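Start counting at 1 in the sequence shown, then tack on 418, and there's your number in this note's numbering.
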Amino acid sequence: MKIKAKVKKTNIVNIRYEDKNIKLDLSRSKFVDGYMPVISAQENSDGMLDVITTIINKNRDIVVPIRTQTVTKEDFNNYNFDNDVLVFENKKAIYKVGKEEYYVIDLENTDFINKDNKQIPSNPIFEMNDYKLINKNKIIAHTSYYSFIYDVCNNVKKSMFYDFIEANKKYKNMYSAYYFSDENKYSNLLIIHMLINDHGGICNEALLNEGVLAFIPNSIIGNKEKTIRYCDDCYNTYIETNNKKGRIIH
419 MKIKAKVKKT NIVNIRYEDK NIKLDLSRSK FVDGYMPVIS AQENSDGMLD VITTIINKNR
479 DIVVPIRTQT VTKEDFNNYN FDNDVLVFEN KKAIYKVGKE EYYVIDLENT DFINKDNKQI
539 PSNPIFEMND YKLINKNKII AHTSYYSFIY DVCNNVKKSM FYDFIEANKK YKNMYSAYYF
599 SDENKYSNLL IIHMLINDHG GICNEALLNE GVLAFIPNSI IGNKEKTIRY CDDCYNTYIE
659 TNNKKGRIIH
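What follows is the structure in structure tokens.
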């Protein structure tokens, strides 16, 4: 019995842009709330891929600048290219410009300017260094100073600011949020690990260095400075009352 191999259909369209006719493959994308992220790759003579990206509306009008970058096939398959775009509902998008340069933009209210040979939005909602998609609406946003859970579609910060957030490896739909303190007298770095959900709810238990468990009072939950001081005291008490040979860090 012969089995026919399935051939992936292409959807090539010609789009006029800056007095040029550009062919774009729309087979990898679909419309989200009236907008489509276009990620089209064409192999060049060196065996690399020329990746063309943009965002179009249902009239096939260009909404963000068309940009091109040449990458390896592996980088393309891993979405590791600096001109990546991602569209969300409610006409929002994430627009990547560089390795640690991402912008959240409103597709109905964004202008672009040339800066350092890059097309960047002049009026973004905000800028971030990296992000992790956690569902169709929300991301973990990482900036130079903090991380937080963010609802892209509704432009709403869903959690407090933490020093770092990542998906929890043990509990589904829960996230590990961290504060870091370098002022503890027995540790160069006191790590305060808490569980939060994607709505920003915080568990009262915090895991500290050496598996020390601290129960954070409701009166200070969500207050970074007070939480760090409280956990700092808890860890010091643990060291001192358990006859640990804690060496004071100067």
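Ideal Cβ positions, reconstructed from N, Cα and C, are used throughout, including at glycine.
Note that the coordinates shown come from a computational prediction; the quantities given were computed from them, not determined experimentally.
Could you pull the DSSP bridge partners for residue i from this structure?
i	result
histidine 611	Tyr596 and Leu625
methionine 454	Ile474
glutamate 519	Gly516
phenylalanine 633	Glu623
leucine 551	Ile557
isoleucine 639	Paired residues: none, contrary to the question.
Classify residue i: buried if its beta carbon has 16 or more other beta carbons within 10 angstroms, exposed otherwise.
i	result
serine 599	buried
proline 635	exposed
phenylalanine 449	exposed
histidine 560	buried
asparagine 660	exposed
valine 482	buried
tyrosine 497	exposed
alanine 632	buried
serine 445	exposed
alanine 585	exposed
leucine 394	Summary: the structure shown does not reach residue 394, with the chain confined to residues 419 through 668, and so no result is reported for it.
valine 456	buried
serine 463	exposed
leucine 467	buried
Whose C-beta lies closer than 8 Å to the C-beta of residue i among residues of the same chain, with five residues either side of it excluded?
i	result
tyrosine 520	Ile512, Tyr513, Lys514, Glu545, Met546, Asn547, Asp548 and Tyr549
lysine 510	Val522, Ile523, Asp524, Leu525, Ile543, Val570, Cys571 and Asn573
tyrosine 589	Leu613
tyrosine 648	Ala632, Ile634, Pro635 and Ile638
lysine 517	Asp500
Along the chain, where does the beta strand (DSSP E) that runs through residue i open and close?
i	result
isoleucine 474	467–475
phenylalanine 582	582–585
isoleucine 567	565–569
isoleucine 480	480–489
methionine 546	544–546
asparagine 532	530–533
isoleucine 538	536–539
leucine 525	No beta strand (DSSP E) contains leucine 525, which DSSP labels as neither H nor E.
leucine 504	503–506
Who are the Cβ neighbours of residue i in its own chain at under 6 Å, not counting the five residues just before and after it?
i	result
isoleucine 470	Ser458 and Thr486
Does the ligand NAP have a heavy atom nearer than 7 Å to the CB of residue i?
i	result
leucine 504	Within the structure as shown, the ligand NAP is missing, as the structure has no ligands at all.
How far does the alpha helix (DSSP H) with residue i in it reach, from first residue to last?
i	result
aspartate 650	642–659
Within its chain, find whatever has a CB closer than 7 Å to the CB of residue i; leave out the 5 residues flanking it on each side and keep chain order.
i	result
serine 562	Asn547
Handout entry: Sufficient close CB pairs (3 or more, under 8 Å) joining the segment 532–543 to the segment 554–569
Key = no
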